[in-house]
Structure formats: C-alpha cells, structure tokens
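Peer 1:
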Amino acid sequence: MRITPLFLLGIFFVGAVHAVDDIQVQMLKNRLETLQAERNQKAAELQKCEKNVRGFKTAGIATLYATGVGIGVNISLASELAKGNAGGGAGGGRTDAAADIRSPEQVTQDNADLFAELGI
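In our numbering, the protein residues as written are 14 to 133.
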C-alpha cells in the first residue's frame, strides 16, 4: 500500500511540472507574437523612410543639375554680352540704356533662340 501514495504523488508532480511548462511555452509564444508584430511595424516604417530618402536624392540631383544649367547659361550670356560690348560699362551690360529698342516679345524670342543655339 505504500507504493500507491508514492505513485500518486509522482503522477501529481509530473502533472504539475508539465502544467508549468505549458504556461512558460504560452508566455514565450505571446512574447514571440509581440516581437514579430513590432518587427513588422518597424519594417514598414523603414520602407517608408527609404522611399522618402529616394525622393530627396532625386530632388537633390535635379536641383544640382538645374543649378549647373543655370550657371552655364549665365556664363554663356555673359560671354555673349562681352563679345558684343567690348569695353562696356562696369556691370558688363550696355552703357546706353536707349540702345535696346526691342519689344518684350522680341527679347523673349531672342533669348529662346540663344538658348536653342546653346542646346539648353
């Protein structure tokens, strides 16, 4: 008869250990789900930031290109003015304000022709 109480005690102990293991496994599963959700959220934020960075890089490159074109146009216009105006005023422009009698439309057309000639 002594075997039966010890046997029952042993079964109870094994059952208790198994219940504790089940609780720990469930806690670990919950923690794993939480961490996976957090990882997915952070991955989505990272992708959003990467898209913004790509957009900023594109905008920066376009700005640098436009600045380079503007500098090139200014240099070519300054050299054109210097050629047609050797020994001109201090600003490199015309010294005779009444010398340009073109209409605004003609000035715009001349500038467009000059840009086309320069390949801009």
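Each residue gets a CB set at the ideal place from its N, CA and C atoms; glycine is no exception.
Would residue 131 and residue 89 qualify as a contact pair, given that the criterion is a beta-carbon distance under 8 Å?
Peer 2: As a position in the sequence shown, residue 131 is number 118, starting the count at 1. As a position in the sequence shown, residue 89 is number 76, starting the count at 1. Yes, they are a contact pair.
Peer 1: Does residue 92 come out as helix, strand or coil in the three-state DSSP assignment?
Peer 2: Position 79 of the sequence shown, counted from the first residue, corresponds to residue 92. If DSSP states are grouped into helix, strand and coil, residue 92 belongs with the helices.
Peer 1: To the nearest angstrom, how far is the alpha carbon of residue 73 from that of residue 58?
Peer 2: For the purposes of this step, residue 73 is taken as residue 60 along the sequence shown, with counting starting at 1. For the purposes of this step, residue 58 is taken as residue 45 along the sequence shown, with counting starting at 1. Going by the C-alpha atoms only, they are around 22 Å apart.
Peer 1: Which stretch, first to last residue, makes up the alpha helix (DSSP H) that contains residue 123?
Peer 2: Here residue 123 is taken as the residue at index 110 of the sequence shown, counted from 1. It spans 117-131 - the alpha helix (DSSP H) in which residue 123 sits, taken as one unbroken run.
Peer 1: For residue 82 and residue 128, I'd like the C-alpha separation in whole angstroms.
Peer 2: Start at 1 with the first residue of the sequence shown, and residue 82 comes out as number 69. Start at 1 with the first residue of the sequence shown, and residue 128 comes out as number 115. If you take the alpha carbons of residue 82 and residue 128, they lie about 11 Å apart.
Peer 1: Rounded C-beta distance between residue 66 and residue 133? I'm assuming under 8 Å.
Peer 2: As a position in the sequence shown, residue 66 is number 53, starting the count at 1. As a position in the sequence shown, residue 133 is number 120, starting the count at 1. Not quite, the Cβ-Cβ distance comes to about 30 Å (not below 8 Å), so this is no contact.
Peer 1: When the Cα atoms are used, what is the spatial distance from residue 119 to residue 113?
Peer 2: By one-based count along the sequence shown, residue 119 stands at place 106. By one-based count along the sequence shown, residue 113 stands at place 100. Rounded to whole angstroms, residue 119 to residue 113 spans 11 Å at the Cα level.
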